[in-house]
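Undergrad: Got a structure for you, questions after.
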Amino acid sequence: EAFVPKIIEVNYIEGSGDKRWSSRDFPWTKELEVNNKRVFGNHSFRPNQREVINATMSGCDVFVLMPTGGGKSLTYQLPALICPGITLANIPAAYLSANMEWAEQQEILRELNSDCCKYKLLYVTPEKVAKSDVLLRQLDNLHVRELLARIVIDEAHCVSQWGHDFRPDYQGLGILKQKFPNTPVLALTATATASVKEDVVQALGLVNCIIFRQSFNRPNLWYSVIPKTKKCLEDIDKFIRENHFDECGIIYCLSRMDCEKVAEKLRECGHKCAFYHGTMDPAQRASVQKQWSKDEINIICATVAFGMGINKPDVRFVIHHSLPKSIEGYHQECGRAGRDGQRSSCVLYYNYSDYIRVKHMLSQGAIEQSPMTSGYNRSNMTNSGRVLETNTENLMRMVSYCENDVDCRRLLQLVHFGEKFNSSTCQKTCDNCLKITSFIEKDVTEIAKQLVELVKLMGQRFSSSHILEVYRGSLSQLVKKHRHETVSLHGAGKRLGKGEASRVLHHLVVEDFLVEEVKKSDYYGSVSSILKVNEPKVRNLYAGQRIILRFPSSVKASKPGKSDITPAKGSLTSGKPNVTLIDTPPEPQTEVDLNLSAKL
Ligand code: ADP
Ligand code: ZN
Ligand code: MG
321 EAFVPKIIEV NYIEGSGDKR WSSRDFPWTK ELEVNNKRVF GNHSFRPNQR EVINATMSGC
381 DVFVLMPTGG GKSLTYQLPA LICPGITLAN IPAAYLSANM EWAEQQEILR ELNSDCCKYK
441 LLYVTPEKVA KSDVLLRQLD NLHVRELLAR IVIDEAHCVS QWGHDFRPDY QGLGILKQKF
501 PNTPVLALTA TATASVKEDV VQALGLVNCI IFRQSFNRPN LWYSVIPKTK KCLEDIDKFI
561 RENHFDECGI IYCLSRMDCE KVAEKLRECG HKCAFYHGTM DPAQRASVQK QWSKDEINII
621 CATVAFGMGI NKPDVRFVIH HSLPKSIEGY HQECGRAGRD GQRSSCVLYY NYSDYIRVKH
681 MLSQGAIEQS PMTSGYNRSN MTNSGRVLET NTENLMRMVS YCENDVDCRR LLQLVHFGEK
741 FNSSTCQKTC DNCLKITSFI EKDVTEIAKQ LVELVKLMGQ RFSSSHILEV YRGSLSQLVK
801 KHRHETVSLH GAGKRLGKGE ASRVLHHLVV EDFLVEEVKK SDYYGSVSSI LKVNEPKVRN
861 LYAGQRIILR FPSSVKASKP GKSDITPAKG SLTSGKPNVT LIDTPPEPQT EVDLNLSAKL
């Protein structure tokens with residue numbers, strides 16, 4: 321059917337940079353700081369935390385865009401603790417309530433009714449809000465007694481069909497604002513493109529909402545990808561010796577054995593080095609971590625199990641000895657470097673055979689998970705086929721990141737978080753920007769038009785990688801299955817340079833000419849994404865708008881042609897994800913520790 325993109329006018333107020341919200345003169349400031357220390361053990365606030373808390377406690381609707389690990393939970397847990405009444409938090413974790421006995425639920429509902437309810441935070445699933453009249457009545461009841469303090473929507477991007485993780489039940493959450501128009505809503509997410517953001521604001525019915533967002537870019541981190549050879553360990557030794565001698569760093573390895581081997585080799589080379597992985601007993605791990613924080617050890621060779629809750633400010637380098645599992649994971653692991661804002665290095669050693677190795681290990685479930693993602697994957701073990709599919713997709717994107725030797729590394733990463741980035745801001749702090757000394761500007765409008773045309777010809781039903789395959793003239797089984805070799809633009813882009821078509825397609829998505837729509841076969845079900853045409857934007861293209869991309873001057877300008885058919889290898893799209901699944905489960909420990917929250 322015809323695809324009509326929604327054009328929504330949304331009013332929101334930029335909160336980042338507004339000094340009002342960082343004031344320490346709010347009536348609750350003292351209590352905030354005391355509880356942040358006493359209850360959560362934090363010595364300070366992270367960027368935007370204080371601002372978000374002040375805005376939501378002032379009664380405003382607030383929309384928060386903060387990187388994973390940035391500390392979103394605190395921005396509602398702390399207000400929940402110190403405000404009178406109850407905070408309702410919607411979290412995308414159906415398994416919590418699915419396991420819960422009805423009697424237990426009754427007990428919580430009864431407690432909510434009591435005059436001095438012991439709970440401060442009520443976690444419910446969006447499904448519950450949509451389907452449980454009992455719950456809605458209970459909320460009404462709280463509201464009447466002025467005990468409904470705040471409504472929190474975590475992972476708010478799930479509201480939007482344009483996002484990578486649409487969950488139908490999230491759309492029902494709009495009812496909360498309708499029923500309780502004066503209760504402040506706090507919506508939080510780590511990923512939102514412009515269209516997702518507007519969708520969320522609209523669907524939740526947020527009013528004059530204040531947006532806090534921070535860039536996911538880390539200007540003091542210098543990124544590079546280096547071909548991994550047999551001499552990799554010598555290269556690492558040399559790199560550390562020349563750039564970070566006697567400084568503190570992390571080397572991420574794929575397997576436990578790798579951790580031990582790399583650590584041993586580097587110790588032989590004279591570095592103060594230890595390993596860290598999941599099979600060590602907790603005392604051993606704690607001891608290594610302690611030695612590291614006291615600078616008795618400089619370098620830790622670790623699996624991704626190492627990292628959560630590590631706040632060492634002076635980590636000067638993060639080295640990836642092998643391919644990370646996803647761009648999100650990579651960004652997060654690199655993010656442990658340079659917390660103090662000083663220049664730090666992120667070096668990734670890449671070869672294609674690591675891809676095969678990681679892929680195999682993923683299929684065997686043999687890769688250690690970071691504590692952050694493990695809960696999520698566990699909850700989906702019933703659908704391990706899908707987990708595998710998503711994992712492979714994420715890994716492919718990582719491969720295409722590594723193989724891209726043209727685009728700014730920052731841009732390639734940030735696109736995954738829905739952030740637009742101007743490569744010239746990189747200032748040659750990544751290998752690709754550094755390498756490319758001169759650019760040519762190339763008009764790719766005709767290629768862009770062909771790609772848009774092809775998306776339409778193919779019925780707006782296919783993923784970007786499939787569209788690229790057809791454009792480059794592939795005769796793969798999938799192409800033949802859909803008889804796409806007969807489509808008129810099949811092979812039209814076969815003369816283009818490697819990665820060129822995918823860069824243009826990527827650009828069309830980033831600039832909203834094409835929209836990625838995520839398809840799911842069931843609630844948590846398998847995911848695929850399809851490209852659709854955003855007609856109003858595309859009209860500009862036909863009305864004379866040109867698309868200019870920069871290429872390194874060594875690349876010859878090439879023209880698309882309509883010529884004979886040659887099979888092209890299955891092509892990877894660069895950068896822009898078809899589907900991204902990052903999801904943090906709620907941390908039950910926090911809830912139990914607080915002993916003030918309930919789950920429904
Ligand atoms: P997000 O939901 O944004 O991904 P979380 O709320 O899960 O992030 O927080 C990530 C980690 O940061 C947690 O371990 C949390 O305890 C820690 N954290 C949050 N705020 C602070 C702070 N102000 N100081 C120190 N650690 C913090
Ligand atoms: Zn760059
Ligand atoms: Mg979170």
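Counted the way full-length UniProt numbering counts, the sequence shown spans residues 321 to 920.
We put the CB at the ideal spot given by N, CA and C, even for glycine.
Source: prediction; values computed, not measured.
#1: Compare the Cα-Cα distances from Asn854 to each of Arg866, Gln770, Gly864 and Glu836 and report the closest residue.
#2: Any heavy atom of the ligand ADP closer than 6 Å to the CB of Lys357?
#3: Out of Ile471, His827 and Leu788, point me to the one whose CA is closest to Thr407's CA.
#4: Rounded to a whole number of angstroms, what is the C-alpha to C-alpha distance between Lys497 and Ile676?
#5: Quick check on this structure: which residue in Thr509, Ser343 and Pro488 has the alpha carbon closest to the alpha carbon of Lys392?
#6: With hydrogens ignored, establish whether the beta-carbon of Phe532 is closer than 6 Å to any heavy atom of the ligand ADP.
#7: Is DSSP giving Ile687 helix, strand or coil here?
#8: Which of helix, strand or coil does DSSP assign to Cys579?
#9: CA-CA distance, Val764 and Arg823?
#10: Return yes when the Cβ of Ile530 is within less than 7 Å of the Cβ of Val382, no when it is not.
#11: Spatial neighbours of Thr503 within its chain, please: C-beta separation below 6 Å, excluding the five flanking residues on both sides.
#12: Is the separation between the beta-carbon of Ser646 and that of Leu574 shorter than 7 Å?
#13: Could you give the DSSP three-state label for Cys728: helix, strand or coil?
#14: Count the other CB atoms within 10 Å of the CB of Val678; is the residue buried (16 or more) or exposed (fewer)?
#15: In whole angstroms, give me the CA-to-CA distance for Leu825 and Leu771.
#16: From Arg576 to Asp751, what distance separates their C-alpha atoms?
#17: I'd like to confirm something about Arg457: is its beta-carbon nearer than 6 Å to some heavy atom of the ligand ADP, or not?
#18: Just verifying my parser: in three-state terms, what is the DSSP assignment at Gly695?
#19: Expressed to the nearest angstrom, what Euclidean distance is found between the alpha-carbon atoms of Leu442 and Ala400?
#20: For the beta strand (DSSP E) containing Pro547, list its first residue and its last residue.
#21: Indicate, with yes or no, if the ligand ADP has a heavy atom lying under 6 Å from the CB of Ser873.
#22: Starting from Arg677, follow its DSSP beta bridges and name the residues at the other end.
#23: Under 6 Å: does the beta carbon of Lys800 sit that close to some heavy atom of the ligand MG?
#24: Are the beta-carbon atoms of Asn742 and Gln534 separated by less than 7 Å?
#25: Spell out a yes or no on whether the stretch 726 to 735 and the stretch 782 to 789 are touching, meaning 3 or more CB-CB pairs, one atom from each, closer than 8 Å.
#26: In terms of DSSP beta bridges, what is Gly569 paired with?
#27: Can you list, in chain order, the stretches of the alpha helix (DSSP H) that have 4 or more residues and sit fully within the stretch 355 to 382?
#28: Does the Cβ of Arg366 lie closer than 6 Å to at least one heavy atom of the ligand ADP?
TA: Judging by the given coordinates:
#1: It is Glu836 whose Cα lies nearest to the Cα of Asn854.
#2: The answer is no for Lys357.
#3: Of the candidates Ile471, His827 and Leu788, the residue whose Cα lies closest to the Cα of Thr407 is Ile471.
#4: Distance between the alpha carbons of Lys497 and Ile676: 49 Å.
#5: Checking every option, the nearest Cα to that of Lys392 belongs to Thr509.
#6: No, Cβ of Phe532 sits at least 6 Å from all heavy atoms of the ligand ADP.
#7: DSSP places Ile687 outside both helix and strand once states are collapsed to three, so it counts as coil.
#8: DSSP, reduced to helix, strand and coil, places Cys579 within a helical segment of the structure shown.
#9: The alpha-carbon atoms of Val764 and Arg823 are separated by roughly 10 Å.
#10: Yes, Cβ-Cβ distance for Val382 and Ile530 is below 7 Å.
#11: The answer, listed in chain order, is Leu468 and Ile471.
#12: No. Outside cutoff.
#13: Coil.
#14: Val678 comes out buried.
#15: If I take the Cα positions, the gap works out to 7 Å.
#16: Cα to Cα, the separation comes out at about 29 Å.
#17: Arg457 Cβ: outside cutoff for every heavy atom of the ligand ADP.
#18: Here Gly695 scores only 33 on pLDDT, less than 50, and its place in the model should not be relied on; the value that follows carries that caveat. Helix, per DSSP.
#19: One C-alpha to the other measures close to 10 Å.
#20: Where Pro547 is concerned, the enclosing beta strand (DSSP E) stretches over Leu541 to Pro547.
#21: Ser873 Cβ: outside cutoff for every heavy atom of the ligand ADP.
#22: Arg677 pairs with nothing; no bridge assigned.
#23: Flag unset: Cβ of Lys800 not near the ligand MG.
#24: Cβ distance not < 7 Å, so Asn742 and Gln534 don't count as in contact.
#25: Contact between the stretch 726 to 735 and the stretch 782 to 789 is not established, with fewer than three Cβ pairs separated by less than 8 Å.
#26: According to DSSP, Gly569 shares a beta bridge with Ile619 and Phe637.
#27: With a minimum length of 4 residues, the continuous alpha helix (DSSP H) runs that stay inside the stretch 355 to 382 are 369 to 377.
#28: Arg366: yes, Cβ under 6 Å from the ligand ADP.
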